[in-house]
Amino acid sequence: MSSKTYLPKKEMYSFCLAAMGQGMIYAMMSSYISDYYLNVLQLTPMFVLLLMLLARIWDAINDPLMGMIVDRRTTKHGKMRPYIIYAAIPIGVLTVLMYLSPNLEKRELMIYSAVVYVVWGMIYTMADVPFWSLPNVLTPDADERGKVISVGRTFNGVGSAVPEVLFLVIGLTLPKILGTSDGLDYNKKKYLIMAIVTVVIGIILYASSYFRVKERVVIPDRKPQPGEPSQLSRIFKCKPLMLVIAMGILSSGRYMVQAAAVHVARYAFYIGPDLNGLSDAERVAAIEASVSSVKTIFQVCAIVGMFGAMLFMPVLMKKYDYKKIVIVTCLLGFVASIFTTLIGWFTMNLYICIPFVLISCVPLGVLNVISYAMIGDCLDYMELKTGFRDNGVGSACQGFVNKLGNALATSGIVLMYMFIGLEPEKMYSSTAIVAATDLAAGHRFAMFSLVSIVPGISLLLCAIPMFFYKISGDNKKRILEELAEKRKAEGIVIE
Numbered sequence: 004m005s006s007k008t009y010l011p012k013k014e015m016y017s018f019c020l021a022a023m024g025q026g027m028i029y030a031m032m033s034s035y036i037s038d039y040y041l042n043v044l045q046l047t048p049m050f051v052l053l054l055m056l057l058a059r060i061w062d063a064i065n066d067p068l069m070g071m072i073v074d075r076r077t078t079k080h081g082k083m084r085p086y087i088i089y090a091a092i093p094i095g096v097l098t099v100l101m102y103l104s105p106n107l108e109k110r111e112l113m114i115y116s117a118v119v120y121v122v123w124g125m126i127y128t129m130a131d132v133p134f135w136s137l138p139n140v141l142t143p144d145a146d147e148r149g150k151v152i153s154v155g156r157t158f159n160g161v162g163s164a165v166p167e168v169l170f171l172v173i174g175l176t177l178p179k180i181l182g183t184s185d186g187l188d189y190n191k192k193k194y195l196i197m198a199i200v201t202v203v204i205g206i207i208l209y210a211s212s213y214f215r216v217k218e219r220v221v222i223p224d225r226k227p228q229p230g231e232p233s234q235l236s237r238i239f240k241c242k243p244l245m246l247v248i249a250m251g252i253l254s255s256g257r258y259m260v261q262a263a264a265v266h267v268a269r270y271a272f273y274i275g276p277d278l279n280g281l282s283d284a285e286r287v288a289a290i291e292a293s294v295s296s297v298k299t300i301f302q303v304c305a306i307v308g309m310f311g312a313m314l315f316m317p318v319l320m321k322k323y324d325y326k327k328i329v330i331v332t333c334l335l336g337f338v339a340s341i342f343t344t345l346i347g348w349f350t351m352n353l354y355i356c357i358p359f360v361l362i363s364c365v366p367l368g369v370l371n372v373i374s375y376a377m378i379g380d381c382l383d384y385m386e387l388k389t390g391f392r393d394n395g396v397g398s399a400c401q402g403f404v405n406k407l408g409n410a411l412a413t414s415g416i417v418l419m420y421m422f423i424g425l426e427p428e429k430m431y432s433s434t435a436i437v438a439a440t441d442l443a444a445g446h447r448f449a450m451f452s453l454v455s456i457v458p459g460i461s462l463l464l465c466a467i468p469m470f471f472y473k474i475s476g477d478n479k480k481r482i483l484e485e486l487a488e489k490r491k492a493e494g495i496v497i498e
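Here it is as structure tokens:
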């Protein structure tokens, strides 16, 4: 591996700040949209299930298609960077529209929500695929690439926490400011404020990367030759990449910890004063403060577990094989989830669960970083074997995995509503609001399982493909050395 430094620190941190902005925008959608649709707009669970499952699967399919578009054309401004500036404003506007609650009848509201949600997903794909392909063209050095991905994903995680801070602050203050007993009206205002603040900050950070980073790994465009395998064919024949994709799909349950946290906060736990004797406005304020606090507790566990792992990832990735890191941390997360589930079954004590939830979130940080680095290694392998480096399609595979995983996780949440017969319109209305303690114990535990045993089983399954992954140790070193020689022989110079 080369010891030359290609990527200036200023440029690396410019990319990382953009990743933070992107994390803010995506978290605003992924962590809250199911709660907004089910409990605020009160769309029917079956509609929400079909919308989220079908739209996210469509988005997942779009990722490889977007990757092929990116790979086929290099402009004077680069291969990846132009899409960032094109997509920034539309994705910001659509994010705000997603949390706008127009005064429409239920049928029209479903149409409005579906159109905005689907278009948001398609525009986000145009923003996401080129952006996370950038590390593969910022530097040819595997260690530098691993570092920029690790730090970038850490900043991305920090960004994803910003909507959570807003959720907590607004949840604790807005009910008192409004003094309302209308829980629905309060939640509509809360989500719209969150969306506007998130978009203003997030889009500025994200779009700034267009002006501050440089694409260095420029492989000359090649015209397809007769009989030459297509991009998709090369992807499917790259066994290491298929194993990384399998790992990602099997780990889909990990998205539950963040996506389901707000639902668990509404329907599994209540922390606050005795609700008996409170006025309607005081009851709304107490319950919403509890929802915000419980959601924040889960989010803090995720942040500490994820960021703790992410901060150590540059060191771990230099010292250990990626596959070993995945296997060990995922098994650790599975064991922690077992303890979390048992505590929930016997006591439903939120505070005793905290350390085990935190530990079970460590693999989330590991997978958020290492999957992108492993895809970079797979692209090195593909370039060595085929002469092609399909950066866009390769990185789009990770986008496919993320979106499919998010679709499966969100669908699981909605299915749980349907399975236990939870009817949001009876829990939240303009005249009444129900606390988690009013629900049956079985219903509360069923909701809690979404952030305990379900992610744990998923982590156990995702470790399996790694036992067959071979780009590690001396084999990885050999691939990088041979690739450097191949590029040199072909006259490809990396600045």
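Residue numbers for the sequence shown, in our numbering: 4 to 498. For glycine and all other residues, C-beta sits at the position ideal for the given N, C-alpha and C.
- Spatial neighbours of Y40 in its own chain (CB-CB distance under 6 Å, excluding positions within 5 residues in sequence) are listed in chain order as L46 and V51.
- In this chain, L10 is not harboured by any alpha helix (DSSP H), its DSSP state being neither H nor E.
- Fewer than three beta-carbon pairs drawn from the region 259–276 and the region 368–378 are found closer than 8 Å, and the two stretches are therefore not classed as touching.
- Unbroken alpha helix (DSSP H) stretches of 4 residues or longer found wholly inside the region 108–144: 109–136 and 138–141, given in chain order.
- Remark: C-beta atoms of F18 and S296 do not approach each other more closely than 8 Å.
- Contact annotation: the region 62–72 touches the region 383–402, with at least three C-beta pairs closer than 8 Å.
- The beta carbon of M469 is closer than 7 Å to those of M250, K326, V329 and I330 in its chain, skipping five residues each way along the sequence.
- Considering only T299, I274, V294 and N394, the residue with the shortest C-alpha distance to N352 is I274.
- Just measuring C-alpha positions, the residue of G397, E493 and G174 sitting nearest R237 is G397.
- Taking 3 residues as the minimum length, the region 279–343 contains no beta strand (DSSP E) run wholly inside it.
- Per the Cβ contact rule, the region 166–179 is in contact with the region 279–296 (3 or more Cβ pairs under 8 Å).
- The alpha-carbon of Y29 is positioned some 10 Å away from that of P166.
- Taking the Cβ atoms as the reference, L367 lies roughly 41 Å from G280, outside the contact range of under 8 Å.
- Under the 8 Å Cβ criterion, the region 188–203 does not count as touching the region 132–149, having fewer than three qualifying pairs.
- I436 sits in a strand when the DSSP states are folded into three classes.
- Distance from the CA atom of M31 to the CA atom of D477, rounded to whole angstroms, is 42 Å.
- Here I36 is near M101, since their CB atoms are less than 8 Å apart.
- Within the model, the alpha-carbon separation for G81 versus L483 is close to 25 Å.
- Between R59 and K406, the C-beta spacing is below 8 Å.
- Of the residues assessed, D277 falls on the exposed side of the cut-off, its CB having fewer than 16 other CB atoms within 10 angstroms.
- With a cutoff of 8 Å on beta-carbon distance, P133 and G395 are scored as near each other.
- It is roughly 32 Å from the alpha-carbon of T413 to the alpha-carbon of D324.
- Within the same chain, Y273 come within 7 Å of T440 by CB-CB distance, once the 5 residues on both sides are set aside.
- Non-local C-beta neighbours of A22 in its own chain, meaning closer than 6 Å and more than five positions away in sequence, comprise G155, F158 and N159, ordered along the chain.
- The criterion of a C-beta distance shorter than 8 Å is not satisfied by L453 and V247.
- When beta bridges are read from the DSSP output, Y431 appears opposite I436.
- Straight-line measurement puts the Cα of N106 at about 41 Å from the Cα of C356.
- Under the three-state reduction of DSSP, G275 is assigned to coil, being neither helix nor strand.
- G408 has no beta-bridge partner at all, per DSSP.
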